[in-house]
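First the structure, in the form of structure tokens, and then the observations on it.
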Amino acid sequence: VQPIYLDNNATTRVAPEVLEAMLPFFTEQFGNPSSIHEFGDRAGGAVAAARRSLQALLGADHDHEIVFTSGGSESDTTAIRAGLAAKPDRNEVVTSTVEHPAVLALCDWLERHEGVKVRRVPVDRHGRLEIDAYREALSPRTALVSLMWANNETGTMFPIEGLAELAKQAGALFHTDAVQAVGKVAIELAGTAIDLLSLSGHKLHGPKGVGALYIRRGTRFRALIRGGQQERRRRAGTENVPGIVGLGRAAELVRADLVEAGPRIRSLRDRLERGLLERIADAVVMGDPLDRLPNTTNIAFASVESEAIVLMLSRQGIAASTGSACASGSLEPSHVMQAMGVPPNMLHGAVRLSLSHETTADEIDRVLEVTPPIVDRLREMSPFWPAPAEHQPVPAMGGSA
Amino acid sequence: VHPSTATIRQRFFDAPRAGVLAGANAIGEAGSLAVGEAQRLMLKIDPRTDTVEDARAQTFGGSSAIAVASAVTELVIGRTVERAAAIGVREIRALLASLPPEGVRSSVLGREALTAALASWRGTPAPRADGEGGALVCRCRAVRAATIERAIRHHGLTSVADVTRHTGAGSRCSCCQEAIEGLLAGTGTRSALPNLDPKRPGRRAFVHPALAHQPPPKPITIQLAPATPDGVPKAAGSAVREAILIARLIERARPSIRADGGDVELVDYADSTVFVRLSGVCAGCSAAPLTLGGLRQTIVQALGRPVRVVPVARS
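Following this line, the structure appears as structure tokens:
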């Protein structure tokens, strides 16, 4: 059976065009962009072209607002530390309870070891940011706000442009972890109040190990990695030329495809989601029903445990993920689900399915066919699942059936 | 895949002896929904030979938990009760080659379920889980009885809320509140919450509806301390009175639920579990768990002890 890959929020397949663009930079075009000979020039030119592709994808004003990094986590770390350094008279960071661990763990560290005050804004049961709490958290002490554009587990999108405006009014810098949003929804940074944005190559059919940080022109900045003049002294280290070229090509492809692929992916996702809810009782979609990534669905099944579902799906050739790929393998339920106040019988049963432009209707139909028996089987095994209807106890008191 | 993972996965996929055992005469449980893992072990023991003839297990959990449950059923079949009691965590793990770190807890839970099942057969209270620190009272926060007892004596605590504040026990779910009450009573301080059913102190077993028609197994009580000293047995109808109270509370909640286009009705009440049927827009609504959660809180407050609210399949 042909495997079905529905874990595109974890990582994506490198597009064939991307690989093709990268290969020469391992072989003939192996130069170091800092070198002044022909080899260096070619490599430098390719990096510059990739930068312009990213600029176009993000709708940024200038190509030098893009700094290449090793990926989302490095971009997040650089942005938050740079933001704090840029506002030396302020020492508070405002973030949310559902951020990616790259942001949350850094904030925990800054709070514990570096005297930074961190305010974590809660979310409601759909994973939407509590706007009033956000307004209250902002103050003249806020150096930086860091909020994700789209949540990796539920796909819930925060109204980032508006949140950035509020931060600007408070005189704070605004960073967004847009790792899950870039390539899935249209982004136009020019004219917004967003100062810093993180993205990652391998979430948009580019290679792993490369990402970028957008830094609005004029934003005070401090490099995380020092020692060279690369990236205008904002990120030392010889450029990952093949990776950067791959990211640039991936950005071009996704930009060209966004308008056409977005609605198609969304309709497949909706078909998958509706189908599962129709076929499986006591299943609940997690996340904002209205403002959600078009490719993501996160469904919690009562009384079963998600690792068991994911393993059984995997045996049928379907790659899905437990609520959080990062948390899978650990016993603690996902911090996102906990922050959303998901009830205990659902908390451990969330499965995330994330589509891409490669997903087909046939694949969705196969998932719809395979999943219900798996959930049924696990529920039969579960001590918390009520018995089938014929075993229901006789009603003890009145009430129409 | 690591070889030990392969062993566990194979057992998980095959899941031999998973499910309900008809005619089980010894049942033991361990774990809870809130901790993300629970096992119910059902044994059929021949009373003449005192030998385990058959075993099955229901498991809520991941691959490690399901593999452990199957291993326990395999180990226990054919043994006398005495020899079954000698099965230890090490023996369970040995059968599974070895367990990943997150699977170690599963093996402990499997052993606890076995202990509880054998205790229910003997009709004795289950022995304290494992030596040091006494029984694991709060599974969510891993707080043992000794810690709670010490805190009660040291600080003169008198309520469950006090204990939660001092030890963290009971801060996540409310499964262990009764056990905490028991400890409060045992150390000579009065519990703030009335114990409505003094005949069954300590942990309450949830009886699967499929087993409800069978003679109920002996209550599985991990007895942490004597029942409330002032526990005068109430008139035999206390469960009925509770059921009437629950029915009233549900009737009171209905208008607001109906106003949203849904409905809820009481189907049954047994063993601290309220079975309700959701209809209208509530059926399949993503907010249904919250509705049930609110209902549960109301009922828990009125009864003064934990109950579960479980939706039953739509008819």
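In the order they appear, the protein sequences are chains A and B. Residue numbers for the first sequence follow the numbering used here, so the first one is 40 and each next one is one higher. Residue numbers for the second sequence follow the numbering used here, so the first one is 19 and each next one is one higher. Every residue, glycine too, gets a C-beta built ideally from N, C-alpha and C. Since the model is a prediction, treat every value here as computed from it, not as a measurement.
Practice problem: State yes or no: is the beta carbon of Arg111 of chain B nearer than 8 Å to at least one beta carbon in chain E? | Solution: In summary, chain E is missing from the structure at hand, where the protein chains are A and B.
Practice problem: Give the interface partners of Leu51 of chain B over in chain A, defined as CB-CB distance under 7 Å, in chain order. | Solution: Residues of chain A passing the Cβ test: Pro383, Asn384 and Phe423.
Quiz item: In or out: Glu269 of chain B buried (at least 16 other Cβ within 10 Å) or exposed?
Solution: In the assembly as shown, Glu269 of chain B is an exposed residue. Its beta-carbon has fewer than 16 other beta-carbons within 10 Å.
Quiz prompt | Same chain, Cβ closer than 6 Å to Thr258 of chain A, five either side skipped, listed in chain order | solution = Cβ neighbours of Thr258 of chain A beyond the five flanking positions: Asp234.
Quiz item: Just how far apart, CA to CA, sit Gly111 of chain A and Gln68 of chain A?
Solution: Near 26 Å, if we compare the C-alpha coordinates of Gln68 of chain A and Gly111 of chain A.
Quiz item: What residues in the region 307 to 336 of chain A have a beta carbon less than 7 Å from any beta carbon of chain B?
Solution: Against chain B - using a Cβ distance shorter than 7 Å - the residues of the region 307 to 336 of chain A are Leu316, Ala320, Asp321, Val323 and Val324.
Quiz item: According to DSSP, is Glu344 of chain A helix, strand or coil?
Solution: In this structure, Glu344 of chain A counts as coil in the three-state DSSP scheme.
Self-check item: 8 Å Cβ cutoff met for Pro72 of chain A and Val86 of chain A
Solution: With respect to the 8 Å criterion, Pro72 of chain A and Val86 of chain A are classified as neighbours on the basis of their beta carbons.
Exercise. Please state whether DSSP places Val225 of chain B in a helix, a strand or coil.
Key: Residue placement at Val225 of chain B cannot be trusted, given a pLDDT of 39 that sits under 50; the coordinates are not used to answer.
Practice problem: Please go through the same chain and pick out, in chain order, the residues whose beta-carbon is closer than 7 Å to the beta-carbon of Glu402 of chain A, but skip the five residues on each side of it. | Solution: Same-chain partners within the cutoff: Ile43.
Quiz prompt | Runs of alpha helix (DSSP H) lying entirely within the region 52 to 109 of chain B, each at least 4 residues, in chain order | solution = For the region 52 to 109 of chain B, the full-length alpha helix (DSSP H) segments reaching 4 residues or more read 81 to 94 and 99 to 103 along the chain.
Exercise. Excluding the 5 residues preceding and the 5 following His103 of chain A in the sequence, name in chain order all residues of the same chain whose CB lies nearer than 8 Å to its CB.
Key: Excluding positions up to five away in sequence, the list reads Arg90, Arg256 and Arg271.
Exercise. Please confirm if Arg335 of chain B has its CB atom under 8 Å from at least one CB of chain A.
Key: This structure gives no information on residue 335 of chain B, because the portion of chain B shown stretches from 19 to 333.
Quiz item: Any chance the CB of Asp296 of chain A is under 7 Å from a heavy atom of the ligand FAD?
Solution: This structure simply doesn't include the ligand FAD, nor any ligand for that matter.
Quiz item: Would DSSP call Pro302 of chain A helix, strand or coil?
Solution: Annotated three-state conformation of Pro302 of chain A is helix, per DSSP.
Exercise. May I ask you to verify whether the region 306 to 314 of chain A touches the region 371 to 389 of chain A, counting CB pairs closer than 8 Å and requiring at least 3?
Key: Verdict: no, contact absent.
Quiz item: Can you give, in chain order, each stretch of the alpha helix (DSSP H) that sits fully within the region 237 to 276 of chain A and has at least 4 residues?
Solution: Qualifying alpha helix (DSSP H) stretches, in chain order: 269 to 272.
Practice problem: Express the C-alpha separation of Asp289 of chain B and Arg159 of chain A in angstroms, rounding to a whole number. | Solution: Looking at the two C-alpha atoms, the distance is approximately 41 Å.
Quiz item: Relative to the C-alpha of Met60 of chain B, which residue among B:Ala48, B:Ala52, B:Ala42 and B:Leu51 is closest?
Solution: When B:Ala48, B:Ala52, B:Ala42 and B:Leu51 are compared, the shortest CA-CA separation from Met60 of chain B is found for B:Ala42.
Quiz item: If we ignore side chains and look at the alpha-carbon of each, how far apart do Gly220 of chain B and Gly54 of chain B end up?
Solution: Caution is warranted here: a pLDDT of 39 is assigned to Gly220 of chain B, below 50, making its placement in the model unreliable, and the coordinate value is therefore given only provisionally. Looking at the backbone, the Cα of Gly220 of chain B and that of Gly54 of chain B are separated by about 21 Å.
Quiz item: Taking just the CA atoms, how far does Arg261 of chain A sit from Ala236 of chain A?
Solution: Before going on, a small fix: residue 236 of chain A reads as Leu here, not Ala. Each residue's Cα considered, the two are about 15 Å apart.
Self-check item: Other residues of its chain near Ser393 of chain A: CB distance less than 7 Å, five sequence neighbours each side excluded
Solution: So the qualifying residues of the chain are Leu45, Asp46, Asn47, Asn48, Asn334 and Thr335.
Quiz prompt | 6 Å Cβ shell around Ala124 of chain A - same chain, five flanking residues per side excluded | solution = Excluding positions up to five away in sequence, the list reads Arg261.
Quiz item: Hey, Ala378 of chain A and Pro161 of chain A: beta-carbon distance below 8 Å or not?
Solution: In this structure, the beta-carbon distance from Ala378 of chain A to Pro161 of chain A falls below 8 Å.
Quiz item: Expressed to the nearest angstrom, what Euclidean distance is found between the alpha-carbon atoms of Gly356 of chain A and Val99 of chain B?
Solution: Those two C-alpha atoms are separated by around 43 Å.
Quiz item: Quick one: does Gln76 of chain B have its CB under 8 Å from some CB of chain A?
Solution: Interface residue, yes.
Quiz item: Which first and last residues belong to the beta strand (DSSP E) in which Lys156 of chain A is found?
Solution: Lys156 to Val160 is the extent of the beta strand (DSSP E) around Lys156 of chain A.
Quiz item: Using the beta-carbon of each residue, which ones in chain A are nearer than 7 Å to Ala33 of chain B?
Solution: Going along chain A in sequence order, the residues near Ala33 of chain B (Cβ under 7 Å) are Met420.
Exercise. Give the interface partners of Ala56 of chain B over in chain A, defined as CB-CB distance under 9 Å, in chain order.
Key: Contact of Ala56 of chain B with chain A by beta-carbon distance below 9 Å involves Ser421, Pro422 and Phe423.
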